[in-house]
Amino acid sequence: MMSTLERLCHDTDSQLRDLESRLSQYEQVGEDFVMNLEADIQDVSGKITATLQRLDILVDKEPFSRRQNSKLRVDQIRYDFQHLKSALRQLQTRRAQRLQEENQRRELLATDFSKLPNGGHTAIQIQDSELRHHSLMKNVNKSVDNLLDNGMEILNNLRVQGSSLKNIKSRVLDIGTKLGLSTTVMKMIERRGVQDQYFLYAGIVVSLLIMFALYWYFV
1 MMSTLERLCH DTDSQLRDLE SRLSQYEQVG EDFVMNLEAD IQDVSGKITA TLQRLDILVD
61 KEPFSRRQNS KLRVDQIRYD FQHLKSALRQ LQTRRAQRLQ EENQRRELLA TDFSKLPNGG
121 HTAIQIQDSE LRHHSLMKNV NKSVDNLLDN GMEILNNLRV QGSSLKNIKS RVLDIGTKLG
181 LSTTVMKMIE RRGVQDQYFL YAGIVVSLLI MFALYWYFV
């Protein structure tokens, strides 16, 4: 024979399914029936709340061997109920937002623009928008010019460094010749000079790529 707790759990499960079914109708129902639907939802929710209170009392009266399982079942019912109540709040919020947007749209369509001040002419701040756009483009062009100037300065510095490296290489080779350095050492110096040139050219290429990317992004 089914106990009172089991019967109430079974009835509450049925009420939860009923509540879920009503929530699925909430967004489709028209404004003429939404109040009745909300009243039905509140009625079912009130019954579930009262049943959960009774279930809490009955769980405490359960034998120790069954109390834990009964408590888990009641907690699951309470969790499902809270989830449905949260879904109801979200549905109500979305419905209120949709109604507000529809009212604003109707008010806009019903507005008689001929009765507005200044003879019904809507003041559109095109000139201010053009001025802001012009100011923005001017600032962008100034930033690009600054970037180009900095890039040219970097290239000049790299060119000067390249000339300095060539002069240093020549002096090192002359000193090496005078000191009678071995051929291996001289070749190592030459290879280092070639590597320095590669680094120089790589730096120039990277700088040009960065300048081009910045120019493309801002312009």
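The sequence shown begins at 1 in UniProt numbering and counts up by one. Even glycine gets a Cβ: it sits at the ideal position worked out from N, Cα and C.
The C-beta separation of Leu88 from Ile41 comes to about 7 Å, placing the pair in contact by the 8 Å criterion. Straight across, the Cα-Cα distance linking Gln15 with Asn36 is about 18 Å.
Contact annotation: the region 64–80 does not touch the region 23–32, with fewer than three C-beta pairs closer than 8 Å.
Around the Cβ of Val206, a 10 Å sphere holds fewer than 16 other Cβ atoms; the residue is exposed. Secondary structure remark: continuous alpha helix (DSSP H) runs of at least 4 residues inside the region 5–68, in chain order: 31–61. Taken through DSSP and simplified to helix, strand or coil, Ser207 comes out as helix. In this structure, the alpha-carbon of Leu108 lies about 10 Å from that of Glu102. Residues of the same chain with a CB within less than 6 Å of the CB of Val59, apart from the 5 flanking positions on each side, are Ser70, Lys71, Val74 in chain order. Glu6 and Arg67 have their alpha carbons spaced roughly 12 Å apart.
With respect to the 7 Å criterion, Leu55 and Leu19 are not classified as neighbours on the basis of their beta carbons.
Counting of Cβ neighbours within 10 angstroms places Thr12 among the buried residues, the total reaching 16 or more. By the 16-neighbour rule on beta-carbons within 10 angstroms, Ile57 is exposed. The three-state reading of DSSP puts Ser3 in coil, since its state is none of H, G, I, E or B. A buried status is given to Arg22, since no fewer than 16 other beta-carbon atoms sit within 10 Å of its beta-carbon.
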